[in-house]
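These notes are about the structure you will find just below.
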Amino acid sequence: MTPPAAANAPATPNLTYVVGHKNPDADAICSAIAYAAFKEARGEHGYIAARCGNSNARIDTILSRFNQPLPHYLSDVSPRVRDLMTAPVVSVRESATCAEALELLDQHDVTLLPVTTAELKPVGTISLAQLGSFFVPRIKAPRIMRQVHTSLAAICTALKARPIHLVRGDEVQDFFVRLGTMDLSSFWSVSVRENIPANESIVIVGDRHDIQRRSIELGIRALVITSNLEPDDETVEMAQAAGVSLILSPFDSATTSWVVRTASNIERVIDPSIVIVDPDTRIADVRKKFSVTNHAVLVTNDQGCLTGIMTKTDIFKPVQTRLVLVDHNELTQAVPGAEEVTVTEIIDHHRLGAINTAQPILFINEPVGSTCTIVADMFRREGLQPSPQIAGIMMSGLISDTLHLNGPTTTRKDAILLAWLSEIAGVDSKQLADEIFNSGSVILANPPEKVVRSDFKVYTEEGLRFAVSQVEELGFGNFWQHAKPIAAAVQELRDAERLAFAALLITDINTQNSLLVVKGDAAFIGKISYPHVEQDEIFDMPGVVSRKKQLIPYLTTLIKEMAADGTLPSGKSGTPFRARRGAS
7 MTPPAAANAP ATPNLTYVVG HKNPDADAIC SAIAYAAFKE ARGEHGYIAA
57 RCGNSNARID TILSRFNQPL PHYLSDVSPR VRDLMTAPVV SVRESATCAE
107 ALELLDQHDV TLLPVTTAEL KPVGTISLAQ LGSFFVPRIK APRIMRQVHT
157 SLAAICTALK ARPIHLVRGD EVQDFFVRLG TMDLSSFWSV SVRENIPANE
207 SIVIVGDRHD IQRRSIELGI RALVITSNLE PDDETVEMAQ AAGVSLILSP
257 FDSATTSWVV RTASNIERVI DPSIVIVDPD TRIADVRKKF SVTNHAVLVT
307 NDQGCLTGIM TKTDIFKPVQ TRLVLVDHNE LTQAVPGAEE VTVTEIIDHH
357 RLGAINTAQP ILFINEPVGS TCTIVADMFR REGLQPSPQI AGIMMSGLIS
407 DTLHLNGPTT TRKDAILLAW LSEIAGVDSK QLADEIFNSG SVILANPPEK
457 VVRSDFKVYT EEGLRFAVSQ VEELGFGNFW QHAKPIAAAV QELRDAERLA
507 FAALLITDIN TQNSLLVVKG DAAFIGKISY PHVEQDEIFD MPGVVSRKKQ
557 LIPYLTTLIK EMAADGTLPS GKSGTPFRAR RGAS
């Protein structure tokens, strides 16, 4: 068995993946390869053959025979944070000022910024709303309104000012801002009343020389002169002698006062209550992390460094991942996450299941023996001839699903298209069938737990979930040698998947007969009318070789009869057999 190439391999934007069902059989793999080739032949590029399960000996034989690589592995196509997040992200350092944060918000037209350390480790966020609240006047707390926590160097930067004389410019401290607009006699009275020390004060004044000099005499921390009005030499000398910083602002006094407040360090505005997620987190899980107050989540890498941001708006971005489903149409059988991405087409030959799409799509469903038959017919109707290798791939899927035209699902179209493909590939279908069916026993090549999942599908009928697996063998000898552990594996499958019952159909390709191993609800098993080989466990099913056309209709009929009689399994054994409302 060929293992997956990489778990959780990310889907690449602008590509459409053509993918079969979980636990793929030969037709699922071959039709995916063939349909991607058909799209390419039509000039439609960007279609990639994919799979959502492991290969097996039969598939490996087919691919090797026609020189085709194993399709791209998709373990889960659920949209991830990395698919929708904004990156690179605009952020601000925790040492920044409100002015710097406001400039970034305006420049990049965003309303929220992540705040990081110098090493880009997130410590919180700062929003336009938080900054607005910070600058709203607090009439009842005038002292707080005048307080600024910053450095003189930061004030100069915010003002784009010219420092004439700067003392301890990089020192961060609390300053109290005053406007020198009143008469000299009452100028300092408010500061005295509020007990504000002169050496923590910044005075903003125009060309009032008396206020300038009085401020210096008081020993204030800094004097900011507005409108680029140059102080006289005597004032400059006084400031230098007194150790008072002297700064020249290009703005008027009112504007200067407001800009000085924006020079405050953002540490008092930072919201530390952040939510951090990994880029591989599923979008469905991230939705749960948003709240009324939490409008964004931050995305970090393995080193804890900021790599992106996701807001509530990002959640509603269209997901780029696109799928074409082949050889199935039920979401219970599709690659995990298929219901969260865009399904653009479905090409299938099975019963219709419950599936909803946001937009109309191309849906081709034909009652033929294989999906490869449908794809081959599309080639032929479009006047396109596949390469010999792709023709051989389609032959293989058709032969495998119809048991070389001997299965009950075989139609006249299957036979006609097999002959057409055989001529193109230059391959005799009988010889190819022998090569495929002799390529190895699934039972001998795998442990029992893998045998029961090698071609495994989950169905829902009347609200009951059940599973049917199928393996094809040359005779029943290999099965009987491993019957007990295989039966135990069927029971483990039923328990693990929480099913009403699980069944394994073992088909003898030579005799066109099958055995059925069933584990589950006793009342249901008791309704099976085929002869018992092992009481209430293994049944002889002569002439039954098709899961789709023979076994599934029979089992669903039994379930419907039990529903009509009111005897469906209730789940009293502790296993919730019923599918949840809305499940498919």
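Quick note on numbering: the sequence shown equals residues 7 to 590 in my numbering.
All residues carry an ideal CB built from backbone N, CA and C; glycine is no exception.
Please read all numbers here as calculations on a predicted model, not as lab measurements.
query	result
Touch test, the segment 282 to 300 against the segment 318 to 325, Cβ-Cβ under 8 Å, three pairs minimum	yes
Outcome for Val198 when other beta-carbon atoms lying within 10 angstroms are tallied against a minimum of 16	exposed
Where Cys36 falls, given that 16 or more other Cβ within 10 Å makes a residue buried	buried
Opening and closing residue of the alpha helix (DSSP H) in which Ser402 lies	Pro394 to Thr408
Close beta carbons around Arg500, own chain, < 7 Å, minus the five adjacent residues each side	Phe507, Ala508, Lys525 and Gly526
Short Cβ contact (7 Å threshold) for Leu172 with Ser259	no
Every unbroken alpha helix (DSSP H) inside the segment 140 to 217 [4 residues or more]	148 to 152, 158 to 165 and 195 to 199
Cβ shell of Asp407 (< 6 Å), same chain only, five flanking positions each side left out	Asp33, Gly375 and Ser376
Close Cβ partners of Lys463 (< 7 Å) along its chain, the five nearest in sequence each way excluded	His27, Gln339, Ala473 and Val474
Per DSSP, cross-strand counterpart(s) of Glu654	Because the chain spans 7 through 590 in this model, residue 654 falls outside it and cannot be assessed.
Reference Glu243; option with closest CA among Arg219, Ile565, Lys436 and Thr232	Arg219
Supposed contact pair Val95 and Pro120 - C-beta distance, whole angstroms, cut 8 Å	6 Å
Whole-angstrom distance between Pro278 and Thr241, CA atom to CA atom	45 Å
Pick from Leu564, Val83 and Leu21 that is closest to Gly343, judged by C-alpha positions	Val83
Continuous beta strand (DSSP E) stretch holding Met91: start and end	Where Met91 is concerned, there is no enclosing beta strand (DSSP E), given that its DSSP letter is neither H nor E.
For Asp291 and Val305, the rounded distance between their alpha carbons	14 Å
Assigned exposure category for Lys578 - 16 Cβ within 10 Å defines buried	With a pLDDT of only 35 at Lys578, under the threshold of 50, the placement of this residue in the model should not be trusted, and no figure is reported.
Counterpart residues of Ser133 in DSSP-defined beta bridges	Leu118
Coil, strand or helix - Gly343 by DSSP	coil
Contact check, Val330 vs Phe44, beta carbons under 7 Å	no
Helix, strand or coil at Ile512 [DSSP, three-state]	strand
Ser251 in three-state terms, based on DSSP	strand
Euclidean distance between Cα positions of Met591 and Thr313	Absent from the structure is residue 591, since the part of the chain shown begins at 7 and ends at 590.
Residue burial classification, Thr573 (beta-carbon count within 10 angstroms, cutoff 16)	exposed
Under the three-state DSSP convention, the category Gly314 falls into	strand
Every unbroken alpha helix (DSSP H) inside the segment 454 to 481 [4 residues or more]	454 to 457
Spatial distance of Thr363 from Gly469 (CA atoms)	21 Å
Length-filtered (4 minimum) alpha helix (DSSP H) runs lying within the segment 528 to 559	528 to 533
Simplified DSSP state of Lys578, which is helix, strand or coil	Here Lys578 scores only 35 on pLDDT, less than 50, and its place in the model should not be relied on; the value that follows carries that caveat. Coil at Lys578, not helix or strand.
Which residues DSSP lists as bridging Leu304, in chain order	Ile282 and Ile315
Alpha carbon of Pro575 to alpha carbon of Phe530, nearest angstrom	8 Å
Cα-Cα separation between Arg471 and Gly481, rounded to whole angstroms	30 Å
Rounded straight-line distance, which links the Cα of Ala124 to that of Gln476	59 Å
Own chain residues within Cβ distance below 7 Å of Val433, not counting five before or after	Gly398 and Met401
Spatial distance of Asp115 from Val211 (CA atoms)	34 Å
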